[in-house]
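Below is one structure, written out as structure tokens; the observations come after it.
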Amino acid sequence: MSSNWVLACAANDVDEEDVLGVELNGQKLAVYNTPKGFFATDGICTHEVAQLEDGLVIGTVIECPLHQGRFDVTNGKALSAPVCVDLKTYPTKVEDGDVYIDVPV
Amino acid sequence: MRNVAIVGAGLAGFSVARRLRELDYTGAITLFGDEGALPYDRPPLSKGSLKASVDASGATLRPSEFFEENQIALRPSEPVLGIDTTARTLQLRGEAFAFDALVLATGATPRALPNAIIRGLHGVHGLRTLADAQRISQAFGTAQHALIVGGGYIGLEVAAAAAERGLRVTLIEAGPRILGRVAGPPTADAIRAAHKRKGVDIREGVGLSALVGTDQVKGAILSDGAHVAADCVIVGIGIDPNVTLAKSAGLATENGILVDPTCQTSQPGIWAAGDCAAFPMADQITRLESVGNAIEMGEVVAANIMGQSRPYAPTAWFWSDQFDLKLQMVGLSPGYDRIVTRPGVNPDAISHWYYAGERLLSVDIINEPKTYIIAKRLIETGKSPPPAQIADQSVNLKVLLKS
Ligand SMILES: Cc1cc2nc3c(=O)[nH]c(=O)nc-3n(C[C@H](O)[C@H](O)[C@H](O)COP(=O)(O)OP(=O)(O)OC[C@H]3O[C@@H](n4cnc5c(N)ncnc54)[C@H](O)[C@@H]3O)c2cc1C
Ligand code: FES
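Same order as they appear, the protein sequences are chains A and B.
Numbering that gives the first Met the number 0 puts the first residue of the first sequence at 0, with every later residue one more than the last.
Numbering that gives the first Met the number 0 puts the first residue of the second sequence at 0, with every later residue one more than the last.
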């Protein structure tokens, strides 16, 4: 499958150890600035309908703001109850201070 | 440790089993339940599930493959009848089952109204199980007027669901106000107002004297003498922990199965977790009734079965959904002497911060998950931001967290 890099935001739009919600191709995504670099996942929790952009980032983990399900944003793995379904992740790259996400068309 | 038995296939029992495998425990795990189903989530039962027909599979915690893959022997229709603490066996219907470690995660049972009030009438329901939710949801399909007895979270959520299904709803609370035990006055005010807007008739300081009807309930006489029509009655007046099994095995109980800080009961090698367990917290014997408690206490029990001696020191947290209100709470407010209000970003959002002197005890948040998750972290890490900063909407809470 060919890639489809889309400009998501400026790198400094996202604070260190924080998250920003973006909408690309009508899809809600969350962009994370972590000590290990930038990552992107689906913007909505896999448990109920919560915006992960309202969550808390600690290291490379996002904690959902509704029931504190936790996901590893580097691979989307659901880490703790009540979440059990992994989060979809998307490749990211930073070029000239901008964050790009590879979103399927 | 080669053989762990868990009594109660609810959230706490499930969490023990799951965490044991995550900690690389390789022995046997047997999870005994009596509801004949895969472990499921209860919160939806009083929320989305009542809005339409209840989907039996929707709330399942994990599919059956999860139990196979993790070699968790689930016996969902096997009530445990007794415990022999000397022989270290469980008494089942047809056999004795040997264990090395035992976890009691038996949950709780909704309190029922006295028979003198119910008088054998049909149409009176409690809500704890999926089967209860299915019965209530079905009743909502034909009933005209619901009477909800009890203004705690369950009662209020059911009232909201009934109103959304188009029923006329009366809710009575015998105490001076709704949510008396579990939320501060301003939060209760906001919830009362939301119910009023949707036409729910909330009557506080009013108890139930009698139900009336022949065979099927038709109405009720309230403690203030008023009569209300009711062809469907839902009772949400609290729960009692399931302690019979523990008590008859000689374990110490006191409003729950008593455990030490590591969640061990008065018998070594027998543990308890979830709604049924009473544990020491800040010099008091406490019992929490929440998802967070069931998960986290279950996880601590698993760690301690593996020999970690971890104390259980939870931060209480809870949520409730009613109409378009998303309510979230963290911490415990008793002992507060001041309430600080923080306006939300949107007009329908607000949070109330409970302080004792300069110490932050708890926070109730309406419609602002972003504030909740920071408040929770503040309380967990023992931080008490100056009240003036909390009241100032322009102060970024995330900054307070990092300071
Ligand atoms: C309608 C409803 C809505 C709720 N909403 C929320 C919410 O929004 N937020 C929140 O934080 N909490 C909520 N709660 C509370 C939360 O669901 C409970 O705190 C949690 O389920 C407790 O888990 P548990 O495993 O301790 O007990 P349970 O879930 O009750 O599980 C115990 C299980 O053990 C079984 N059992 C008992 N004795 C035996 C025996 N001898 N042999 C075999 N099996 C046995 C029981 O049948 C039961 O299946 C809600 C509860 C209800 C009922
Ligand atoms: S919605 Fe994210 S954990 Fe429940």
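Just so you know, even glycine gets a beta-carbon here, dropped at the ideal spot from N, CA and C.
Query - Three-pair Cβ contact test at 8 Å for the stretch 94-103 of chain A versus the stretch 56-74 of chain A - result: no
message: Going by DSSP, what residue range makes up the beta strand (DSSP E) through B/M328?
response: Position 329 of the second sequence, counting from 1, holds the residue named residue 328 of chain B. Per DSSP, B/M328 belongs to the beta strand (DSSP E) from L324 to G330.
**Study point:** Minimum C-alpha distance to B/C275 - residue among B/A281, B/G268, B/G297 and B/Q283
**Key:** Along the second sequence, read from residue 1 onward, the residue named residue 275 of chain B stands at position 276. The residue with the shortest Cα to Cα distance from B/C275 is B/G297.
**OP:** Would you identify the three-state DSSP class for A/I43, choosing helix, strand or coil?
**Re:** Within the first sequence, the letter at position 44 stands for residue 43 of chain A. Assignment of A/I43 by DSSP, reduced to helix, strand and coil, places it in the strand class.
Q | Own chain residues within Cβ distance below 7 Å of B/P333, not counting five before or after | A | Here residue 333 of chain B refers to the residue found at position 334 when the second sequence is read from its first residue. Around B/P333: no qualifying Cβ.
- prompt: Would the stretch 264-282 of chain B and the stretch 96-113 of chain B be scored as touching if the rule is three or more Cβ pairs under 8 Å?
  reply: As far as the Cβ criterion goes, the stretch 264-282 of chain B touches the stretch 96-113 of chain B, which means the pair count is three or higher.
| message | Taking the alpha carbon of B/P260 as the reference point, which residue from B/E295, B/A301, B/G249 and B/A312 has its own alpha carbon closest? | response | Walking along the second sequence from the start, residue 260 of chain B turns up at place 261. Cα-wise, what sits closest to B/P260 is B/A312.
**Asked** In this structure, what does DSSP give as the bridge partners for B/E94?
**Response** Start at 1 with the first residue of the second sequence, and residue 94 of chain B comes out as number 95. None, per the DSSP bridge assignment.
Which residues in chain B have a C-beta closer than 7 Å to the C-beta of A/E62? List them in chain order. The residue you call residue 62 of chain A lines up with position 63 of the first sequence. Per Cβ cutoff of 7 Å: I372.
Mind checking whether the beta-carbon of B/P313 lies closer than 8 Å to any heavy atom of ligand 4?
With respect to small molecules bound, the structure shown includes ligand 1 and ligand 2 and not ligand 4.
Residue from B/C231, B/T105, B/R17 and B/I372 whose Cα sits closest to the Cα of B/D428: Limits of chain B in this structure are 0 at one end and 402 at the other, which puts residue 428 of chain B out of reach.
Note to self: Less than 9 Å between the beta carbons of A/Y31 and A/V56, yes or no?
What the structure shows: Along the first sequence, one-based indexing puts residue 31 of chain A at 32. Along the first sequence, one-based indexing puts residue 56 of chain A at 57. Yes; because the gap between Cβ atoms is below 9 Å, this pair is in contact.
Quiz prompt | Simplified DSSP assignment, three categories, for B/A248 | solution = For this step, residue 248 of chain B is matched to residue 249 along the second sequence. Here B/A248 sits in coil by DSSP.
Using 9 Å as the threshold, is the C-beta distance between B/I177 and B/L155 below it?
If you number the second sequence from 1, residue 177 of chain B lands on position 178. If you number the second sequence from 1, residue 155 of chain B lands on position 156. Yes, the Cβ-Cβ distance between B/I177 and B/L155 is below 9 Å.
Item checked: Segment contact flag, the stretch 243-251 of chain B with the stretch 75-95 of chain A, C-beta cutoff 8 Å, min 3 pairs -> Contact between the stretch 243-251 of chain B and the stretch 75-95 of chain A is absent, because fewer than three Cβ pairs lie under 8 Å.
- Task: Identify, in the order they occur along the chain, each residue of the same chain with its Cβ nearer than 6 Å to the Cβ of B/R20, setting aside the five sequence neighbours on each side.
- Result: For this step, residue 20 of chain B is matched to residue 21 along the second sequence. N69, listed in sequence order.
Q) Is B/A160 near ligand 1, in the sense that its beta carbon is under 8 Å from a heavy atom of that ligand? A) For this step, residue 160 of chain B is matched to residue 161 along the second sequence. No, ligand 1 has no heavy atom inside 8 Å of this Cβ.
- Cα-Cα separation between B/D188 and B/Q321, rounded to whole angstroms: Stepping through the second sequence from its first residue, residue 188 of chain B is reached at position 189. Stepping through the second sequence from its first residue, residue 321 of chain B is reached at position 322. For B/D188 and B/Q321, the distance between alpha carbons rounds to 14 Å.
Problem - chain A within 9 Å of B/V227, Cβ atoms only - result: As a position in the second sequence, residue 227 of chain B is number 228, starting the count at 1. With 9 Å as the cut-off, B/V227 does not count as an interface residue toward chain A.
Exercise for the section: Taking 7 Å as the limit, tell me which residues put their C-beta closer than that to any heavy atom of ligand 2, in chain order. Expected result: Counting every residue whose Cβ lies closer than 7 Å to a heavy atom of ligand 2, we get A/C44, A/H46, A/E47, A/V48, A/A49, A/C63, A/L65, A/H66, A/Q67, A/G68, A/P81 and A/V82.
Cβ of A/C8 within 9 Å of any chain B Cβ:
Taking the first sequence and counting its residues from 1, one reaches residue 8 of chain A at position 9. Under the Cβ criterion of 9 Å, A/C8 is not counted among the residues facing chain B.
Q | Neighbourhood of B/L331 by C-beta, 7 Å cutoff - its chain only, sequence neighbours within 5 removed | A | Here residue 331 of chain B refers to the residue found at position 332 of the second sequence. Only A315, L360 and S361 meet the Cβ criterion.
query = Should the stretch 334-354 of chain B be regarded as contacting the stretch 31-45 of chain A, the criterion being three or more beta carbon pairs within less than 8 Å?
reply = no
| field | Chain-ordered residues of the stretch 36-64 of chain A with a beta carbon less than 7 Å from chain B | value | A49, D53, G54, L55, E62 and P64
### Query
Going by C-alpha distance, which of B/V258, B/W270 and B/Q215 is nearest B/A229?
The sequence position of residue 229 of chain B within the second sequence is 230, counting from 1. With respect to the C-alpha of B/A229, the residue from B/V258, B/W270 and B/Q215 having the closest C-alpha is B/Q215.
* To do: Kindly list, in the order they appear in chain A, the residues whose Cβ is closer than 7 Å to that of B/S419.
  => Since the displayed chain B opens at 0 and closes at 402, residue 419 of chain B lies outside it and no answer follows.
_Inter-residue spacing [alpha-carbon to alpha-carbon] between B/L126 and B/V227_ = Looking up residue 126 of chain B in the second sequence gives position 127. Looking up residue 227 of chain B in the second sequence gives position 228. Distance between the alpha carbons of B/L126 and B/V227 is about 22 Å.
Measure the CB-CB distance between B/G432 and B/G165 and report whether it falls below 9 Å. Chain B is shown only over 0 to 402; residue 432 of chain B falls outside these bounds and no answer can be derived.
- At a Cβ threshold of 9 Å, is A/P81 touching chain B? Taking the first sequence and counting its residues from 1, the one referred to as residue 81 of chain A is at position 82. A/P81 counts as touching chain B.
When the Cα of B/G151 is compared with those of B/T141, B/L49 and B/A182, which residue comes out closest? As a position in the second sequence, residue 151 of chain B is number 152, starting the count at 1. Comparing Cα positions, the closest option is B/A182.
### Message
In whole angstroms, give me the CA-to-CA distance for B/K197 and B/K46.
### Response
In the second sequence, the residue the question calls residue 197 of chain B occupies position 198. In the second sequence, the residue the question calls residue 46 of chain B occupies position 47. One C-alpha to the other measures close to 16 Å.
So which of B/P175, B/A272 and B/V157 has the shortest CA-CA distance to B/V6? Here the question's residue 6 of chain B lines up with position 7 in the second sequence. For the residues B/P175, B/A272 and B/V157, the minimum Cα distance to B/V6 belongs to B/A272.
*Beta carbon proximity, A/D17 to chain B, threshold 9 Å*: Here the question's residue 17 of chain A lines up with position 18 in the first sequence. Yes - at least one Cβ of chain B is within 9 Å of the one on A/D17.
I'd like to know whether the C-beta atoms of B/L146 and B/I82 end up nearer to each other than 9 Å.
Residue mapping note: residue 146 of chain B aligns to position 147 of the second sequence, counting from 1. Residue mapping note: residue 82 of chain B aligns to position 83 of the second sequence, counting from 1. Not in contact: B/L146 and B/I82 (Cβ atoms no closer than 9 Å).
### Task
Please name the residue, chosen from B/L396, B/A387, B/S48 and B/D391, that lies closest to B/I378 on a Cα-to-Cα basis.
Looking up residue 378 of chain B in the second sequence gives position 379. For the residues B/L396, B/A387, B/S48 and B/D391, the minimum Cα distance to B/I378 belongs to B/L396.
Nearest to B/A107 (by Cα), restricted to the options B/L287, B/A72, B/V79 and B/I190
Numbered from its first residue, the second sequence carries residue 107 of chain B at position 108. Answer by Cα proximity: B/L287.
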